[in-house]
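So the protein lines, in turn, are chains A and B.
So in this note's numbering, the last spot in the first sequence is 141, and the numbers never skip.
So in this note's numbering, the last spot in the second sequence is 141, and the numbers never skip.
For each residue, glycine too, the CB sits at the ideal point set by N, CA and C.
Note that the coordinates shown come from a computational prediction; the quantities given were computed from them, not determined experimentally.
Number of protein chains: 2
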Amino acid sequence: MEEMHRTFAALSDPTRCAILEMLADGEKTVMDIAVPFAMSQPAISRHLKVLEDAALITRRIDGAKRPCALSPAGLEQLEQWATKLRKSMARNYDRLDAVLAAMPPVEKDTP
Amino acid sequence: MEEMHRTFAALSDPTRCAILEMLADGEKTVMDIAVPFAMSQPAISRHLKVLEDAALITRRIDGAKRPCALSPAGLEQLEQWATKLRKSMARNYDRLDAVLAAMPPVEKDTP
DNA sequence: TTGTTATATAACATTAATGTTAAGTAAATC
DNA sequence: GATTTACTTAACATTAATGTTATATAACAA
């Protein structure tokens, strides 16, 4: 979990987040992806490269086309990282509850 | 899920990721956090502000100290976003499987 | 009250990210 | 085989992020 920030960096751009959400519908070519954005196609190509490097999408070759699809790798890593931290947090609350429960009733009950 | 990239931007820096992982152990003051990093205290203060704005940490006031702790809000949002995409992806595979299963056996079985 | 500790804010330099256009390659179509 | 389509790569300008030091504020300790 030491390189997590690379994955997050890939997701830190609104265009790239939107691309991933488009791909939730299934595979799309570079042009399919580019059209809805007010941005040149080379710009989209570079966003796709960033997403691919972060293992968030995969690209296959189909003639002159390069269809893109979501990749499980990056997404699972992301989910696990968030889950891990959220659970640590919960454990801390439990520990705090235990400490409070162990305190003398006077401290605990007086309003 | 339209502002997700703000959360990701907050996590796109290695120092900020490391800070969150430190906070998994529980609440820490600004100085507690700053010491292990080869970086000035003002730099850490600004990282903390970014994390707070993204609802990834909370800060309370304790005299001159400002203890920081993980906040569930951002982390849950993160987890849910990743889960949503991963599930869409799985649904797409299922749909593809259905299409393949509906194909004539000749296409499916011939090696 | 005076000094010290804990933190925030401001001003600034450096670096990296994002977009643009122009040019390059390789497959598809006429 | 010439043109068009699909995409990548390169060169460049602009903007934003990150760090630094200096300075401000507020609580604490002597």
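Segment limits, alpha helix (DSSP H) that includes residue i
i, result
"residue 46 of chain A", "44–53"
"residue 65 of chain A", "From DSSP, residue 65 of chain A is part of no alpha helix (DSSP H); its letter is neither H nor E."
"residue 34 of chain A", "34–41"
6 Å CB neighbourhood of residue i in its chain, flanking five on each side removed
i, result
"residue 138 of chain B", "Unreliable placement is indicated for residue 138 of chain B, whose pLDDT of 41 sits below 50; the coordinate value is still reported in the next sentence. Correct list: empty, nothing qualifies."
"residue 59 of chain A", "95 and 97"
Residue burial classification, residue i (beta-carbon count within 10 angstroms, cutoff 16)
i, result
"residue 87 of chain A", "buried"
"residue 33 of chain A", "exposed"
"residue 49 of chain A", "buried"
"residue 63 of chain A", "buried"
"residue 93 of chain A", "exposed"
"residue 120 of chain B", "exposed"
"residue 90 of chain A", "exposed"
"residue 65 of chain B", "exposed"
"residue 68 of chain B", "exposed"
"residue 70 of chain A", "exposed"
Delimiting residues of the beta strand (DSSP E) encompassing residue i
i, result
"residue 87 of chain A", "87–89"
DSSP beta-bridge partners of residue i
i, result
"residue 95 of chain A", "A:92"
"residue 100 of chain B", "B:87"
"residue 58 of chain B", "B:98"
Other residues of its chain near residue i: CB distance less than 8 Å, five sequence neighbours each side excluded
i, result
"residue 54 of chain B", "100"
"residue 136 of chain B", "The pLDDT assigned to residue 136 of chain B is 44, lower than 50, so where the model puts this residue is not dependable; a value taken from the coordinates is nonetheless given after this. For residue 136 of chain B, where only same-chain residues beyond five positions count, there are no Cβ hits under 8 Å."
"residue 123 of chain A", "none"
"residue 56 of chain B", "99"
Close Cβ partners of residue i (< 7 Å) along its chain, the five nearest in sequence each way excluded
i, result
"residue 103 of chain B", "85"
"residue 36 of chain A", "84"
"residue 31 of chain A", "111"
"residue 46 of chain A", "40, 77, 80 and 81"
"residue 52 of chain A", "58 and 63"
Open item on the list: Tell me whether the segment 75–86 of chain A and the segment 73–84 of chain B touch, counting them as touching only if at least three CB pairs, one residue from each stretch, are closer than 8 Å.
Closed with: no
Open item on the list: Would you call the segment 100–112 of chain B in contact with the segment 109–121 of chain A, where contact means no fewer than 3 C-beta pairs closer than 8 Å?
Closed with: yes
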